[in-house]
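A.B. asks: Residue numbers (the UniProt record's numbering), protein chains in the order written: chain E, 1 to 145; chain H, 1 to 145; chain D, 1 to 145; chain S, 1 to 145; chain U, 1 to 145; chain X, 1 to 145.
Just so you know, even glycine gets a beta-carbon here, dropped at the ideal spot from N, CA and C.
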Ligand SMILES: [Mg+2]
Ligand SMILES: [Mg+2]
Ligand SMILES: [Mg+2]
Ligand SMILES: [Mg+2]
Ligand SMILES: [Mg+2]
Ligand SMILES: [Mg+2]
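In structure tokens form, the structure reads like this:
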């Protein structure tokens, strides 16, 4: 099995790069469907909702189909493990996050049978609920869809 | 507090980008000290050791000083939480990883008092111990040093 | 040590079976004391409370005795690990549950010295807080009491 | 969305019931594809391998297709969370397991778009590595495939 | 490297001992800077805040400096892992705590380069939100600062 | 319910205090049964075994009775959560421990019905597998027995 499109790398780059840094990657970004957004919260539920809502609005997944909602949900949670690093909690553990998120849907593998996969990437800051008392955080989840 | 250098972004980009993609970022890479390496294993211990050994050889941390070893260790473990997403284990849970890692040391904050911080980033694949049965993974840890 | 009564199997079966499926198991259900109930919530605290309240009302444990409350509490939490599979949270991770629960108290082992044990089983659904966007979940905890 | 076939219940029942208890459930067992096996070990890797090998041999998933291997893997790990209840480890935490496992593949939802799902159930014992010093354990994982 | 001052032992003793038990340890308590307090809550956030506020008021860490806040935060969370033993949650898992906490700042190692470290210790009770239905709990975190 | 004997405090003190510091606490140590030992290892299994073996040899629990073995096992694991603070692993995460352990059995509560409870305390160091690159760690588990 060989990966022809690296959807995880695409999602992470899109979440991290500023607009002026995009240009050199535009060709690889065009090979997949993407959805971008931002969320700042002490509430994990709001972070998950923000991604789910953005994805459904963009049409990246089919809203009424649980199969796709299920795939997206577990991918978001996997990505949040990278952001929270050990305790899947933010407000409860007195932290706040400011994150950009990117969801990518595409066919990463050369074999047609491997079908579509989804990547969710977060990039931003995590820290005390006081502006500036924070450091960077990254998270990436990948799932078949 | 404002971040003047984003050591997490630098570490993650360096771990993800191919050489021909580097060029546009060279100026930001020059503002920090970095150490790069690769490791493929089913053994978490070997992954941690590979990073620690590379860092000590490169002189990025002072080998005899526990303070620095301690800062590095916790940063590696935080980064591995993103790679493993929920269970800090690879071989025990029948997975293998093939990872590039980057360690960055620098002063991310404008205020001099904030001093030096360290970032550890992983990028690569995680999956079944059969070539190709794998997907991408990313992890980032950040700590004061 | 040999198990003469499988309290975990009894609890799980009682939580999963519809009334018309009970009949063939009635003889084994009669060998133990049981307490049944239902709870639907996004709030883990309410799920734990629902079980504790039902158990105390039924007289299955002695209400004023911490020893018994302690045994029950840890058994509930163990069972919820199976329901939540990795993050002991529901609302915080944007999930809702609809569960039937069964608590069984009995003497599973042939040796008299092994005394009484308790089993808590959950069966039902977990998923997005939208009706139908959910799949099944099971959890079983066992403890000495 | 309504569940017409409860693959989780089927998998858990099949893992728990003795042959003479099967008869009353045969009609619901016939609506899905199943694979059964047994494994006893202090080694989590061997438990995961035992299930993967049995499933591939039975043809329940397509061996060369990573998509299906990936779905199965995460379902096994979810089920093991229920078995281990808090620490995804057995030998490392000085425990041994003796488990029956059942994998079920079928279409649980009435809507055709929901497609195929997979359930992995474990039932057996967990305890000290001394015969008899053990109690029951159950685990269930569910995933889209 | 040799530890000349055991800041973890000092913090734990101070959190556990009654005033009349202090006397024999006074000489070792004088070698470090300490801050003490109490907190009772079902809310993890309040427990973390109580420690952070007490430490900042006492001047044990420099309030405006994120580096020090970051070191303290991770040390508190490490100590809470010992208190909660497996699930970093209290109210969500229907528990309440009544804790004394002690924060110690000092130079535990003989080598000057090892610099300052911080220890956070908790001692008290954890249990059901009913007075007396509780048992003891201890937690200790250690970090470089 | 009121605690007349604090078995957790006794166990933690006994694990932490040097012989010359004991004297002032001897009266409270006499109210319970205790068992002490030492273990140094990168292997969690060996740490658990060391405690179990010492306890059985000392006669603090009845060896053939699973009920008592089960109570002890979960108490040890709870105490190790405090030692490892987030990942219940040592060698796998490239750490080694040098620990003193104390097991206390007694009746902490005034009410006779509360019966016997067990406390397991660890105190020592955790760190890199190089002498001196380590810091202190504490863990306490409590259970009814
Ligand atoms: Mg995966
Ligand atoms: Mg941090
Ligand atoms: Mg148990
Ligand atoms: Mg699911
Ligand atoms: Mg440490
Ligand atoms: Mg307890």
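Does residue 39 of chain E come out as helix, strand or coil in the three-state DSSP assignment?
C.D. replies: strand
A.B. asks: Listing by chain order, which chain D residues have their CB less than 7 angstroms from the CB of residue 26 of chain E?
C.D. replies: The premise fails here: residue 26 of chain E is roughly 33 angstroms from chain D at the closest Cβ pair, so nothing lies under 7 angstroms.
A.B. asks: Going straight from the alpha carbon of residue 109 of chain S to that of residue 143 of chain D, what length do you get?
C.D. replies: Taking the straight line from one Cα to the other gives about 36 angstroms.
A.B. asks: Could you compute how far the alpha carbon of residue 42 of chain E sits from the alpha carbon of residue 97 of chain E?
C.D. replies: 6 angstroms
A.B. asks: Using 10 angstroms around the beta-carbon of residue 19 of chain U, count the other beta-carbons present and answer buried if the total reaches 16, otherwise exposed.
C.D. replies: Flag for residue 19 of chain U reads exposed.
A.B. asks: On the three-state DSSP scale, how would you describe residue 45 of chain D?
C.D. replies: helix
A.B. asks: Relative to the C-alpha of residue 107 of chain S, which candidate in S/145, S/39, S/61, S/122 has its C-alpha closest?
C.D. replies: S/145
A.B. asks: State yes or no: is the beta carbon of residue 133 of chain U nearer than 8 angstroms to at least one beta carbon in chain D?
C.D. replies: Yes, residue 133 of chain U lies at the interface with chain D (some Cβ there is under 8 angstroms from its Cβ).
A.B. asks: If we cut at 8 angstroms on Cβ distances, does residue 52 of chain E have a partner in chain H?
C.D. replies: no
A.B. asks: Cα separation between residue 131 of chain X and residue 66 of chain H?
C.D. replies: Roughly 10 angstroms separates the two Cα atoms.
A.B. asks: Could you please give me the residues that DSSP links to residue 33 of chain U through a beta bridge?
C.D. replies: For residue 33 of chain U, DSSP records a beta bridge to U/105.
A.B. asks: Using a Cβ-Cβ distance cut-off of 8 angstroms, determine whether residue 4 of chain H contacts chain E.
C.D. replies: no
A.B. asks: Distance check for residue 26 of chain H and residue 17 of chain H, CA to CA, integer angstroms please.
C.D. replies: 12 angstroms
A.B. asks: Can you give the beta carbon distance from residue 116 of chain S to residue 100 of chain S, rounded, assuming they're within the 8 angstroms contact cut?
C.D. replies: 23 angstroms between Cβ atoms; not a contact.
A.B. asks: Can you confirm whether the segment 71-91 of chain X touches the segment 78-85 of chain U when touching is taken to mean that 3 or more C-beta pairs between the two stretches lie within less than 8 angstroms?
C.D. replies: Short answer: they touch.
A.B. asks: Starting from residue 21 of chain U, trace the alpha helix (DSSP H) in both directions and tell me its first and last residue.
C.D. replies: For residue 21 of chain U, the enclosing alpha helix (DSSP H) has its first and last residue at 19-22.
A.B. asks: For chain S, check one thing: does any of its Cβ atoms lie closer than 8 angstroms to the Cβ of residue 113 of chain E?
C.D. replies: Using a CB distance cut-off of 8 angstroms, residue 113 of chain E counts as an interface residue toward chain S.
A.B. asks: Smallest Cα separation from residue 7 of chain S: which of S/119, S/71, S/44, S/133?
C.D. replies: S/119
A.B. asks: For residue 125 of chain H and residue 46 of chain H, what's the separation of their Cα atoms in angstroms?
C.D. replies: 16 angstroms
A.B. asks: When every heavy atom of ligand 6 is checked, does at least one fall within less than 7 angstroms of the C-beta of residue 5 of chain D?
C.D. replies: No, Cβ of residue 5 of chain D sits at least 7 angstroms from all heavy atoms of ligand 6.
A.B. asks: How big is the Cα-Cα spacing for residue 77 of chain D and residue 35 of chain H?
C.D. replies: 44 angstroms
A.B. asks: I want to verify the contact list: residues of chain E whose CB lies under 8 angstroms from the CB of residue 142 of chain H, in sequence order.
C.D. replies: In chain order: 135, 136, 137.
A.B. asks: Please give the ranges of any beta strand (DSSP E) in the segment 51-122 of chain D, keeping only runs that are unbroken, at least 3 residues long and fully inside the region.
C.D. replies: Taking only runs of at least 3 residues, the beta strand (DSSP E) segments lying wholly in the segment 51-122 of chain D are 96-106.
A.B. asks: Where does residue 128 of chain H sit, in a helix, a strand or coil, going by DSSP?
C.D. replies: Note: residue 128 of chain H maps to coil in three-state DSSP.
A.B. asks: Given a cut-off of 8 angstroms on the beta-carbon distance, is the pair residue 138 of chain H and residue 122 of chain H in contact?
C.D. replies: yes
A.B. asks: Hey, residue 14 of chain D and residue 33 of chain D: beta-carbon distance below 8 angstroms or not?
C.D. replies: no
A.B. asks: Quick one: which chain H residues come within Cβ less than 8 angstroms of residue 16 of chain E?
C.D. replies: 9, 12, 13
A.B. asks: Would a check of beta-carbon distances place residue 100 of chain H closer than 8 angstroms to chain U?
C.D. replies: no
A.B. asks: What did DSSP end up calling residue 133 of chain D once you bin it into helix, strand or coil?
C.D. replies: coil
A.B. asks: Does residue 94 of chain U get closer than 8 angstroms to chain E when you measure Cβ to Cβ?
C.D. replies: no
A.B. asks: For residue 28 of chain E, collect the residues of the same chain with a Cβ closer than 7 angstroms to its Cβ; drop the 5 residues on either side in sequence, then sort them by chain order.
C.D. replies: 10
A.B. asks: Taking residue 44 of chain U as the reference, which of E/90, E/57, E/133, E/56 has the closest Cα?
C.D. replies: E/90
A.B. asks: Can you name, in chain order, every residue of its own chain whose Cβ lies under 7 angstroms from the Cβ of residue 55 of chain H, other than the five neighbours on each side?
C.D. replies: Sequence-distant partners of residue 55 of chain H (beyond 5 residues in either direction) whose C-beta falls short of 7 angstroms from its own C-beta, in its chain, are 35, 61, 72, 103.
A.B. asks: Does the Cβ of residue 142 of chain E lie closer than 7 angstroms to at least one heavy atom of ligand 1?
C.D. replies: yes
A.B. asks: From the DSSP output, in three-state form, read off residue 142 of chain U for me.
C.D. replies: It is a strand residue.
A.B. asks: If you measure between the beta carbons of residue 69 of chain X and residue 140 of chain S, is that distance less than 8 angstroms?
C.D. replies: no
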